[in-house]
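J.:
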Amino acid sequence: SQQGEEDPQALSIQEGENATMNCSYKTSINNLQWYRQNSGRGLVHLILIRSNEREKHSGRLRVTLDTSKKSSSLLITASRAADTASYFCATDRGGSNYKLTFGKGTLLTVNP
Amino acid sequence: NAGVTQTPKFQVLKTGQSMTLQCAQDMNHNSMYWYRQDPGMGLRLIYYSASEGTTDKGEVPNGYNVSRLNKREFSLRLESAAPSQTSVYFCASSEFLRGGRWQPQHFGDGTRLSIL
Numbered sequence: 086s087q088q089g090e091e092d093p094q095a096l097s098i099q100e101g102e103n104a105t106m107n108c109s110y111k112t113s114i115n116n117l118q119w120y121r122q123n124s125g126r127g128l129v130h131l132i133l134i135r136s137n138e139r140e141k142h143s144g145r146l147r148v149t150l151d152t153s154k155k156s157s158s159l160l161i162t163a164s165r166a167a168d169t170a171s172y173f174c175a176t177d178r179g180g181s182n183y184k185l186t187f188g189k190g191t192l193l194t195v196n197p
Numbered sequence: 169n170a171g172v173t174q175t176p177k178f179q180v181l182k183t184g185q186s187m188t189l190q191c192a193q194d195m196n197h198n199s200m201y202w203y204r205q206d207p208g209m210g211l212r213l214i215y216y217s218a219s220e221g222t223t224d225k226g227e228v229p230n231g232y233n234v235s236r237l238n239k240r241e242f243s244l245r246l247e248s249a250a251p252s253q254t255s256v257y258f259c260a261s262s263e264f265l266r267g268g269r270w271q272p273q274h275f276g277d278g279t280r281l282s283i284l
């Protein structure tokens with residue numbers, strides 16, 4: 086079963102605007118990650134936040150995690166046309182077998 | 169540095185045919201994974217191999233078999249393809265780091281499989 090659910094399913098913005106995507110999950114987690122997928126390509130890891138962290142930054146990316154609400158958000162600031170892609174959250178529950186459970190993704194379109 | 173390489177990139181099969189999807193990684197990772205991606209469904213884990221010589225079922229294993237040929241290679245086999253197996257298949261790899269943390273998974277570019 087899908088652990089994460091991204092919201093919205095699709096988002097269209099203008100270049101320079103900020104994009105916010107949300108992810109909700111159902112069970113307790115060890116880590117939550119965000120991946121990007123360009124059309125026709127594989128997934129690329131963006132950022133990881135641990136369950137004991139609340140916020141993390143990497144360049145133009147900002148991720149928050151609220152374990153009490155079982156939700157996370159990904160903010161991309163000053164979006165560029167090259168940010169056009171699908172974005173997925175993925176969770177793991179820790180342990181010796183590292184298995185990720187992915188959400189259904191948000192399709193972000195950044196218009197020039 | 170190629171990372172994770174999947175072959176073939178595209179394939180069309182007829183119902184009932186068999187096929188093996190190949191995956192190889194050059195990062196010396198112990199763990200490898202096979203996912204399928206369907207429209208609106210995200211990625212679902214089919215099988216994974218925590219280390220050479222071991223394989224385990226994921227969320228959707230029915231209709232598939234896997235072989236961890238060596239540390240580099242992890243293949244996925246469809247013995248009798250069905251239209252419901254039309255999908256994009258992704259292979260990934262990862263490694264357990266010192267300090268008790270896993271490296272993020274590295275993905276190949278996928279195999280697009282259509283079954284008529």
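Just so you know, the sequences run in chain order A and B. Positions 86 to 197 (this note's numbering) are the ones given, in order, by the first sequence. Positions 169 to 284 (this note's numbering) are the ones given, in order, by the second sequence. We put the beta carbon where it would ideally sit given N, CA and C, even for glycine. All values derive from a computational prediction rather than experimental measurement.
1. Ignore the nearest five residues each way along the sequence and tell me which others in B/Phe-178's own chain have a CB closer than 6 Å to its CB.
2. Ignore the nearest five residues each way along the sequence and tell me which others in A/Phe-187's own chain have a CB closer than 6 Å to its CB.
3. Between A/Arg-126 and A/Tyr-120, what straight-line distance do the alpha-carbon atoms span, to the nearest angstrom?
4. I'd like to know whether the C-beta of B/Met-209 is nearer than 8 Å to at least one C-beta of chain A.
5. I need the straight-line Cα distance from B/Asn-196 to A/Gly-180, nearest angstrom please.
6. So with Cβ pairs under 8 Å, would you call A/Tyr-110 a contact of chain B?
7. Could you confirm whether any beta carbon from chain B is found closer than 8 Å to the beta carbon of A/Arg-146?
8. Does the structure place the segment 192-206 of chain B close enough to the segment 238-254 of chain B that three or more beta carbon pairs sit under 8 Å?
9. Report the option in A/Val-148, A/Arg-135, A/Leu-193 whose CA atom is closest to the CA atom of A/Ala-170.
10. Assuming B/Gln-185 and B/Ser-255 are in contact, meaning their beta carbons sit under 8 Å apart, how far apart are those beta carbons, in whole angstroms?
11. Within the continuous beta strand (DSSP E) that includes A/Lys-141, where are the two ends?
12. Could you name the residues of chain A that B/Phe-242 contacts, counting a contact when the two beta carbons are closer than 9 Å?
13. Which residues in the same chain have their Cβ closer than 6 Å to the Cβ of A/Thr-149, if we skip the five residues on either side of it in sequence?
T.: This is what the structure gives:
1. The residues are Arg-280.
2. Hits under 6 Å: Phe-173, Ala-175.
3. A straight-line Cα-Cα distance of about 12 Å links A/Arg-126 and A/Tyr-120.
4. So yes, B/Met-209 belongs to the interface.
5. Going from the Cα of B/Asn-196 to the Cα of A/Gly-180 covers about 21 Å.
6. A/Tyr-110 does not count as touching chain B.
7. Rather than Arg, the amino acid found at residue 146 of chain A in this sequence is Leu. So, not an interface residue.
8. Taking 8 Å as the limit for Cβ pairs, the verdict is that the segment 192-206 of chain B does touch the segment 238-254 of chain B.
9. For the residues A/Val-148, A/Arg-135, A/Leu-193, the minimum Cα distance to A/Ala-170 belongs to A/Leu-193.
10. In fact, because the Cβ distance is near 15 Å, the residues do not count as touching under 8 Å.
11. That run of the beta strand (DSSP E) goes 140-143.
12. The contacting residues do not exist; B/Phe-242 stays about 14 Å from chain A at best.
13. Apart from the 5 residues on each side of it in sequence, A/Thr-149 sits with its Cβ closer than 6 Å to the Cβ of Glu-140, Ser-158 in its chain, given in chain order.
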